[in-house]
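Remarks on the structure that follows.
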Amino acid sequence: MAIKASLLSLLPLLLATMASASIQEVCTKAAAGGNVNRDTCIKILGSAPGASTADDRGLAVIAGNLGAAHARATLPTINNLLRSAGSATKGPLQDCQELYGDAVDNLKSAADSAGRDRFDDANIHFSAGIDAATTCEDGFSERNVASPLAAADSKLLLLSIVGAAITHTGP
């Protein structure tokens, strides 16, 4: 009986180790395309509540929820930037405002779809998050102006790519 209790006490450690490996594997897979920094991915996913015990499906849900929350939190920043925007940045900021609003909905849908094992649907929604981040950045680069949303776009891109990498072939 004591051996059984000892083995059961090791279960949380084993699960955490397996999940940690899962986070590392997911971030390595996401970084393979060259658009995601593996260490940043591990840091962001690893600090999310529930990530230390999540399987790949759970990590996809977490990536979707984090992405949606990030997009939602970025909208007030975009609104503030629009108040003082010059002619070169106003158009791209307006585009980004719409793109980020859509990203909130798409990434919430991605998380929901991943949680229901509908990985093809989740992947489509994560891909929309990728498009939102890259299209937002493209709007500034096309006008040869520095993007005031570069950091926000990078984080949205990372979370969307991570989710897409997981759901591309299913967990």
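Heads up: the sequence shown begins at 22 in the working numbering, then just goes up one per residue.
Idealized CB from N, CA, C, for every residue including glycine.
Distance, residue j Cα to residue i Cα
{"i": "GLY107", "j": "VAL166", "result": "11 Å"}
{"i": "VAL57", "j": "LEU170", "result": "17 Å"}
{"i": "GLY54", "j": "THR155", "result": "14 Å"}
{"i": "THR98", "j": "LEU177", "result": "14 Å"}
{"i": "PRO70", "j": "LEU103", "result": "33 Å"}
{"i": "THR74", "j": "SER105", "result": "44 Å"}
{"i": "GLU119", "j": "ASP76", "result": "33 Å"}
{"i": "ALA89", "j": "SER162", "result": "24 Å"}
{"i": "GLY136", "j": "ILE63", "result": "21 Å"}
{"i": "GLY67", "j": "ALA81", "result": "13 Å"}
{"i": "ALA172", "j": "GLN45", "result": "22 Å"}
{"i": "VAL123", "j": "ALA153", "result": "For clarity, residue 123 is Asp in the given sequence; the question names Val instead. Cα-Cα distance, rounded: 8 Å."}
{"i": "ALA186", "j": "GLN115", "result": "29 Å"}
{"i": "GLN52", "j": "ILE65", "result": "Looking at the sequence provided, one finds Ala at residue 52 rather than Gln. If I take the Cα positions, the gap works out to 14 Å."}
{"i": "ALA131", "j": "ARG59", "result": "21 Å"}
{"i": "ASN101", "j": "SER168", "result": "14 Å"}
Closest by C-alpha distance to residue i, when choosing among the options
{"i": "TYR121", "options": "ILE151, ASP142, ASP138", "result": "ILE151"}
{"i": "GLY112", "options": "THR74, ARG164, SER73", "result": "ARG164"}
{"i": "ALA143", "options": "SER68, ILE83, GLN115", "result": "ILE83"}
{"i": "CYS117", "options": "PHE140, ASP138, LEU66, CYS157", "result": "CYS157"}
{"i": "SER134", "options": "ASN86, ASN100, ALA173", "result": "ASN86"}
{"i": "ASP138", "options": "ALA72, VAL125, ILE44, THR188", "result": "THR188"}
{"i": "LEU129", "options": "THR61, ASP174, SER181", "result": "Looking at the sequence itself, residue 129 is Lys, so the reference to Leu does not match. Comparing Cα positions, the closest option is SER181."}
{"i": "GLY184", "options": "ALA109, SER148, ARG93, SER68", "result": "SER148"}
{"i": "PHE140", "options": "ILE63, ILE44, GLY79", "result": "GLY79"}
{"i": "SER175", "options": "THR95, LYS50, SER43", "result": "THR95"}
{"i": "ASN127", "options": "ASN100, HIS146, ASP159, ILE44", "result": "HIS146"}
{"i": "GLY160", "options": "ALA109, ALA131, ALA186", "result": "ALA109"}
{"i": "ALA72", "options": "SER43, ALA131, ALA132, SER168", "result": "SER43"}
Cβ separation of residue i and residue j, assumed to be a contact under 8 Å, to the nearest whole Å
{"i": "ALA92", "j": "VAL125", "result": "5 Å"}
{"i": "THR61", "j": "LEU179", "result": "6 Å"}
Any C-beta of chain B under 9 Å from that of residue i
{"i": "THR110", "result": "No chain B is part of this structure, which consists of one protein chain only."}
Item to check | Completely contained alpha helix (DSSP H) runs for the stretch 46-97, where each covers 4 or more residues | outcome: Given a length threshold of 4 residues, each whole run of the alpha helix (DSSP H) inside the stretch 46-97 is given here in chain order: 59-67.
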